[in-house]
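Enquirer: If you're matching positions, the sequence shown starts at 0 in numbering that gives the first Met the number 0 and goes up one per residue.
Let me begin by handing over the structure; questions about it come next.
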Amino acid sequence: MDDSAHAAARPSSEQKRKNSDFLTIFRRPLAKYALTAIGVLAVVAVVVFVYSNRPIDVQVATIERNVPIRVFGLGTTEARVLSKIGFEVGATLTELHADHGDRVSKGQILARLSTSEQDAKVAKARAALLIAEVNIAKSAANVEKARAVFTQKQEANRRKQTLAGRDVVSQQAAEEAIRDEAVAKADVTVAESEVESTKAQLTDARAQLQYEETMLRHRTLVAPFDAVVSERHKELGSVIKASDPIFTLVAVGSYWGLAYVDEARAGFIEEGQPVEVCLRSRPLESFNGRVVRVGLESDRVTEERRVYVKGENPPARVYLGEQVELWITVAKLDKALLVPSAAVHGYNGRQGTVWTEEHGRLERRLVQFRHRTEDSRLEIVGGLPAEARVVTRLENGLREGRAARAAEAMPK
């Protein structure tokens, strides 16, 4: 290849100058922009660092006094003594002396069945008793007669045996006298047996009369206790079978509230604790009561415990099955440190982790709890250093060691 060809292949000096100018123009703004971006990022990093490490304002819990611990329960009004009463025999219902809403007293007649058939049976039983009493008198007279005959035959036999020894009477007459005495003695035994038989018949007649009179009384329905009639099930003229319910009775003063309480909250409930009750039909009023029974068996599906409450000032009329809300006071704390459950991590029913402010820094502490208030605040009973104050509201940017300024939360 000649020199002219090599010269054509190499770039000229003019071309090199143009390329250098182009690169210079391109590089100058890029460097400027890069430096600007680096400066901005550095400023942002400094701002973020300063902002994230500034002292954070937190609310902390304070000691509260006379704090009631109440457990909520939802349930219904029920009756401790509720009976569906009816007749022990069947017949036509002929009388009704009570109706829905009536208040009845123990022993008061509520209803009657037809008695014509049973009246006849009672009359027959009384006649049988009279016959038995007459037979008693008759058998007693027969005994007296048999004993008199026996005494006469015994004396006649004694005389004839004496005369037979003197050959005054024949031997045959003496033997007949012995036979007559034995027959008279047997008659006495028979008469006495008849007395015992008639006595048994008299006892049977008396029992039969008592039975028929009892069956007659079973046709009259009386109140077994002081009660309010909550329902009447039959009308006049109905043919009643044995054990058919005629009335539903609720014993006076036996109303109580049946509440269902979450097992997790029921551990401190005991008999005798005060209860505030609110009826759904009377939301503006509240009634007082006491826990009278805590069920020994929880519902396996809903995991709730049954709690029975007796009212101390119930309304004049109580409606069975009405929904009630109950607040059971299980304790009253003289002083307590309470933290909202939302500010607790990993709460398992007895302990959890909380944020604390200690000497101007944030820390995390595992603490122990006991009671829980109705507004979901937990009582701290252990795990806090003396200088620690518990954070009650979680804020963004909480981390251990960060500076903090504490402000006491207003007690509820």
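Virtual Cβ for every residue (Gly too), placed ideally from N, Cα, C.
Remember, it's a predicted structure, so these values are computed and weren't measured experimentally.
By Cβ distance below 8 Å, which residues in the same chain neighbour D101 in space, the five residues on each side in sequence not counted?
Expert: Around D101: V227, V228.
Enquirer: Measuring alpha carbon to alpha carbon, tell me which of G74, A90, L40, R304 ends up nearest E242.
Expert: Residue identity check: residue 242 is Ser in the sequence provided, not Glu. Among G74, A90, L40, R304, the Cα nearest to that of S242 is on A90.
Enquirer: Under the three-state reduction of DSSP, which class applies to G396: helix, strand or coil?
Expert: Note: G396 maps to coil in three-state DSSP.
Enquirer: Pick out the complete beta strand (DSSP E) segments inside the stretch 342–404, 3 residues or longer, and give them in chain order.
Expert: If we require 3 residues or more, the beta strand (DSSP E) runs fully inside the stretch 342–404 come out as 350–357, 360–371, 376–381.
Enquirer: Sorted by chain position, which residues of the same chain lie with C-beta nearer than 7 Å to D1's C-beta, five sequence neighbours on each side aside?
Expert: Caution is warranted here: a pLDDT of 48 is assigned to D1, below 50, making its placement in the model unreliable, and the coordinate value is therefore given only provisionally. Within the same chain, D1 has no close Cβ partners at all.
Enquirer: Can you have a look at I37 and say buried or exposed, based on whether 16 or more other CB atoms are within 10 angstroms of its CB?
Expert: So I37 ends up on the exposed side.
Enquirer: Are T76 and L283 closer than 8 Å when you measure CB to CB?
Expert: No; because the gap between Cβ atoms is not below 8 Å, this pair is not in contact.
Enquirer: Could you check which residue in G310, R363, L109 has the C-alpha nearest to that of Q276?
Expert: In the sequence under discussion, the amino acid at residue 276 is Val, which differs from the Gln named in the question. That would be G310, whose Cα lies nearest to the Cα of V276.
Enquirer: Where E296 and R264 are concerned, what is the direct C-alpha to C-alpha distance, given to the nearest angstrom?
Expert: Straight-line Cα distance between these residues: approximately 15 Å.
Enquirer: Assign F71 to one of two classes, buried (16 or more other C-beta atoms within 10 Å of its C-beta) or exposed (fewer than that).
Expert: Exposed, since its Cβ has fewer than 16 Cβ neighbours within 10 Å.
Enquirer: I think H96 touches I108, with their Cβ atoms under 8 Å apart; what is that distance to the nearest whole Å?
Expert: Right, the Cβ-Cβ distance comes to about 6 Å (below 8 Å), so this counts as a contact.
Enquirer: Suppose you measure from the CA of G359 to the CA of P384; what does that come to, to the nearest Å?
Expert: Looking at the two C-alpha atoms, the distance is approximately 14 Å.
Enquirer: Tell me the DSSP secondary structure of E268 in three-state form.
Expert: In the sequence as displayed, the identity of residue 268 is Ile instead of Glu. Coil at I268, not helix or strand.
Enquirer: So, are the CB atoms of R364 and E399 less than 8 Å apart?
Expert: The answer is no: Cβ separation not under 8 Å.
Enquirer: Would you check if the distance between the CB atom of A335 and the CB atom of E357 is smaller than 8 Å?
Expert: No, these two residues do not count as a Cβ contact at 8 Å.
Enquirer: Can you look up T301 in the DSSP assignment and give me helix, strand or coil?
Expert: DSSP places T301 in coil when its eight states are reduced to three.
Enquirer: Look at the Cβ atom of V329, then the Cβ atom of I268, and state whether they are nearer than 8 Å.
Expert: Result yes, Cβ atoms of V329 and I268 sit closer than 8 Å.
Enquirer: Should E331 go down as buried or exposed, given a rule of 16 or more other Cβ atoms within 10 Å for buried?
Expert: Looking at the sequence itself, residue 331 is Lys, so the reference to Glu does not match. By the neighbour-count rule (16 or more Cβ atoms within 10 Å), K331 is not buried but exposed.
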